[in-house]
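Peer 1:
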Amino acid sequence: MSTFFGAKTSLNRFSFLRTNSEFIKSVVEFPSTRLILFKKESARSDYRVLGRRTDTFTRLSYLLIGDDPKVHLLLRQWADMNARLSPDLRLKTKIAVVFLGLDEDPHAQDSPLVDEPSYTKQKLSFEDHSGVPLLAVDITENTELLESLLTKSRGSDFLATIDDVLGMQPIDASIFSYAKMYIDWLARNQFCPGCGSRVIPVCGGTKLQCTNEAKEVNNENEYQCPVRKTRTNNVCFPRTDPVVILALRNSRGDKILLGHNARRKMLNKRFFSCFSGFMEPGETIESAAVRETWEETGLKIKRKIQIVKSQPWPFPCCLMVGCVGITEEGSEESINIHLDKELDVCEWFDVDFVADLVYGRVTDGDIMLPNAGSVAFELIKIVVDDCLSARGRL
C-alpha cells in the first residue's frame, strides 16, 4: 500500500467553481453525480462511511444520485437554499453536503471510479471543464433519507472500525480523508464564534457563513458580528492541525528509539511507534520536533532535522509532518519519560530487530509497529533502510 491518505487521484477539486451557484445546481441535477455517505451513531462517536469489504481492500461506495428520487429532490432543495444563503439550510434539509470535485478521467487507474460500470461515468460539462461530480453527504440527522439510501446500496455497510479504514485501497483512502475532514468540520461548527448566531455552509459546503445580518447603527455597510465584519478570518474555512511526527536513531546508527503511549492498553503485543505532537503557535517544524522529543523522552537531538514525508490524518483533521532525527552523542542513556508523561515505555531497539518487524520476518518479541502505509511506519522504515544501507546490509 502506498502512503495512507495521500494517494494521487484523477479528482480535481475545482475550488474556484464552489462559489458558482449555477454550477452547484448543475452538479445535483446531473444523474451520474456520485454520493459518498457519512453518518454518526451518536454525538460522541466518530463518523462512519458507507463502503464494502472485499478480499483485498475496503472500498468506498459511490452511489449514483439519480438512483433515488427522494435523494435527488432533497439535494435540489439543498442546492437552491445554498444559492439563497438560507439561514434554515441545515434545519430544513437535515443534511450536510460538500462538493468534492470532478473526476476528470473516470476510466484512469488513479480514478476512484475505475471499477464502476462504464455507462455510469458520463461527464458533466460546465464552461471549459468536465468530469464526474463527487459529493460527500452527512445523513446522520435525516433518518428517512438514510433508510431510503440503504435499500439502494445492498452489499454496502457503514464501516465502523479503524481496521476498515486502514484497509482501504490508497485512492479511496485519499478521498475518504478529504471528505471526512470537511464533514467533521461542518458537524463541529454550528454557531458563530463571534456572535453566537447559527452558521450555514456555503460555497458547496466548503465555507461557513454567519447568519447574523444586523448592521452597525451608525454604519449600515458594516456588520455587528466581528466575524462578518472582517474581510479575512480563520473561522470561516476548515482548519488543518499540523502535527510533527519523528523517527529517532542514535548517533552510531545501530539503534532506533520507539515509545509506547500511556493511553494505549498493553495487549498481547506492545504497540511501539514514533514520537509526535501538535505544533504550537510561532514554532517551525524543526523546533517543534526538538521540543516534542525532549518533552516525551528527555533526550536532546541534533538541530539538523530532516523533513521527509507528510500525510493527511482525518482523526479528526490533522496533517502529519514526518521527520527523521538523530540524538546527540552521549545523551542516549538519559531517557526521562516523566516530563509530560505521554509515554509509559521508551526503549532503544537494535536496527536489525526493527528491520525484521518492518519486513515481516519472524521475531521472538512481543512488539507491534504501526500499520504499513501509515506515515509512522514509513518513517521507521526510512530510518531502518538508511542505517542498514550505511552498514552495507540492505
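Residue 132 is where the sequence shown starts when you use our numbering, and the numbers rise one by one after that. Glycine is no exception: its CB is placed at the ideal position from the N, C-alpha and C atoms. Small disclaimer: the values here were computed from a predicted structure and weren't measured.
Suppose you measure from the CA of Lys156 to the CA of Ile226; what does that come to, to the nearest Å?
Peer 2: 16 Å
Peer 1: Please report the residue range of the alpha helix (DSSP H) in which Arg319 lies.
Peer 2: Residues 301 to 319.
Peer 1: What's the call for Glu153, buried or exposed, on a 16-neighbour Cβ count within 10 Å?
Peer 2: Flag for Glu153 reads exposed.
Peer 1: Rounded to a whole number of angstroms, what is the C-alpha to C-alpha distance between Ser133 and Ile466?
Peer 2: Interpretation of Ser133 is limited by its pLDDT of 43, a score under 50 that renders its predicted location unreliable; the figure taken from the coordinates is listed afterwards. Between Ser133 and Ile466, the C-alpha separation is close to 33 Å.
Peer 1: Compare the C-alpha of Ile513 against each of Pro412, Ile196, Cys405, Asp475 and name the closest.
Peer 2: Taking the Cα of Ile513 as reference, the smallest distance to any Cα among Pro412, Ile196, Cys405, Asp475 is reached at Cys405.
Peer 1: Is there contact between the segment 362 to 376 and the segment 442 to 456, where contact requires at least three CB pairs shorter than 8 Å?
Peer 2: yes
Peer 1: Between Leu377 and Cys326, which are expected to be in contact by the criterion C-beta below 8 Å, what is the C-beta distance as a whole number of angstroms?
Peer 2: The pair is not a contact, with the Cβ atoms about 41 Å apart (cut-off 8 Å).
Peer 1: I'd like the list of long-range same chain contacts for Ala486, defined as Cβ closer than 7 Å, with 5 residues on each side in sequence excluded.
Peer 2: Val515, Leu519
Peer 1: Return helix, strand or coil for Glu478, following the three-state DSSP convention.
Peer 2: Here Glu478 sits in strand by DSSP.
Peer 1: Hey, could you find the ends of the beta strand (DSSP E) Ala378 is sitting in?
Peer 2: 372 to 380 is the span of the beta strand (DSSP E), which, as asked, contains Ala378.
Peer 1: Please tell me whether Val268 and Ala210 are closer than 8 Å, where the distance is taken between their beta carbons.
Peer 2: Not in contact: Val268 and Ala210 (Cβ atoms no closer than 8 Å).
Peer 1: Expressed to the nearest angstrom, what Euclidean distance is found between the alpha-carbon atoms of Asn320 and Val330?
Peer 2: 8 Å
Peer 1: Beta-carbon separation of Ser163 and Lys252 under 8 Å?
Peer 2: yes
Peer 1: Spatial neighbours of Ser407 within its chain, please: CB distance less than 6 Å, with the 5 preceding and 5 following residues excluded, ordered by chain position.
Peer 2: Val374, Ile376
Peer 1: Pair every Cβ in the segment 414 to 427 with every Cβ in the segment 459 to 477, then say whether three or more of these pairs are closer than 8 Å.
Peer 2: yes
Peer 1: With 16 as the cutoff for other CB atoms within 10 Å, does Glu509 come out buried or exposed?
Peer 2: Under this definition Glu509 is a buried residue.
Peer 1: Closest by CA to Arg401, which one among Leu488, Glu463, Glu414?
Peer 2: Distances from the alpha-carbon of Arg401 to those of Leu488, Glu463, Glu414 put Leu488 closest.
Peer 1: Can Val202 and Asp234 be called in contact, C-beta distance under 8 Å?
Peer 2: no
Peer 1: Roughly how many whole angstroms lie between the Cα atoms of Thr140 and Leu277?
Peer 2: 28 Å
Peer 1: Could you pull out every residue in the same chain whose Cβ sits closer than 8 Å to the Cβ of Lys338, ignoring the five residues on either side in sequence?
Peer 2: Arg149, Pro332, Cys367, Phe368
Peer 1: Rounded to whole angstroms, what's the CA-CA distance from Phe145 to Leu181? Just pull it up for me.
Peer 2: 24 Å
Peer 1: Give me, in chain order, the residues of the same chain whose beta-carbon lies closer than 8 Å to that of Val439; leave out the 5 immediate sequence neighbours on both sides.
Peer 2: Gly453, Cys454, Val455, Leu510, Ile513
Peer 1: Ordered along the chain, which non-local residues of its own chain (more than five positions away) have a Cβ less than 6 Å from that of Arg165?
Peer 2: Tyr193, Leu265
Peer 1: Count Cβ pairs between the segment 290 to 307 and the segment 234 to 243 that sit closer than 8 Å; are there 3 or more?
Peer 2: yes
Peer 1: By how many angstroms is the C-alpha of Phe161 removed from the C-alpha of Lys254?
Peer 2: Whole-angstrom Cα-Cα distance: 9 Å.
Peer 1: Excluding five sequence neighbours on each side, which residues of the same chain lie with their C-beta closer than 7 Å to the C-beta of Asn349?
Peer 2: none
Peer 1: Using beta-carbon positions only, say whether Thr189 and Leu290 come within less than 8 Å of one another.
Peer 2: yes
Peer 1: How long is the line joining the alpha carbons of Gln208 and Thr224, rounded to whole angstroms?
Peer 2: 7 Å
Peer 1: Buried or exposed for Ala138, going by 16 or more other Cβ atoms inside 10 Å?
Peer 2: Within a 10 Å sphere around the beta-carbon of Ala138 sit 16 or more other beta-carbons, which makes this residue buried.
Peer 1: My output table needs one value for Ser141: the three-state DSSP class, helix, strand or coil.
Peer 2: coil
Peer 1: From Lys386 to Gly504, what distance separates their C-alpha atoms?
Peer 2: 22 Å
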